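Everything below concerns the one structure shown next.
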């Protein structure tokens, strides 16, 4: 299990990923980004690409798909917060969208 990043460590890492924000889910820190699309199917397709990535790395986010929007939240359930593994997934997700 990886160590949870401190708030300061997380803040310094997120400087490289300005579209990601520190939030919380059920009182647990996470990093979250929202992508916008022209329609539901494009949002759903991108969610599928994120899901493929999650399966490949065996690390799974919270995905919320709605019309024209996909929200992705990463945190490590076993560690109880954001770890280096989550930041690696952030980078991979950003790469998917370029």
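Numbering (the working numbering), first residue to last: 35 to 132. Every residue, glycine too, gets a C-beta built ideally from N, C-alpha and C. Just so it is clear, the structure is predicted and the values come from calculations on it, not from any experiment.
Buried or exposed, going by whether 16 or more other CB atoms sit within 10 Å of the CB of residue 115? Under this definition residue 115 is a buried residue.
Helix or strand or just coil, what does DSSP make of residue 46? Of the three classes helix, strand and coil, the one that applies to residue 46 here is helix, per DSSP.
Of the residues 104, 118, 119, the one placed nearest residue 131, counting alpha carbons only: Out of 104, 118, 119, 104 has the C-alpha closest to the C-alpha of residue 131.
Return helix, strand or coil for residue 55, following the three-state DSSP convention. Residue 55: strand per DSSP, three-state reduction.
Let's test the definition: count the other Cβ atoms within 10 Å of the Cβ of residue 112 and tell me whether it reaches 16, buried, or not, exposed. Residue 112 comes out exposed.
Assigned exposure category for residue 95 - 16 Cβ within 10 Å defines buried: Buried, since its Cβ has 16 or more Cβ neighbours within 10 Å.
If you follow the alpha helix (DSSP H) that residue 81 is part of, which residue opens it and which one closes it? Start and end: 74-91.
Cut-off 6 Å between Cβ atoms - residues of its own chain near residue 118, not counting five sequence neighbours on either side: Result list for residue 118: 36, in chain order.
Would you say residue 107 and residue 57 are within 8 Å of each other, going by their C-beta atoms? Yes, Cβ-Cβ distance for residue 107 and residue 57 is below 8 Å.
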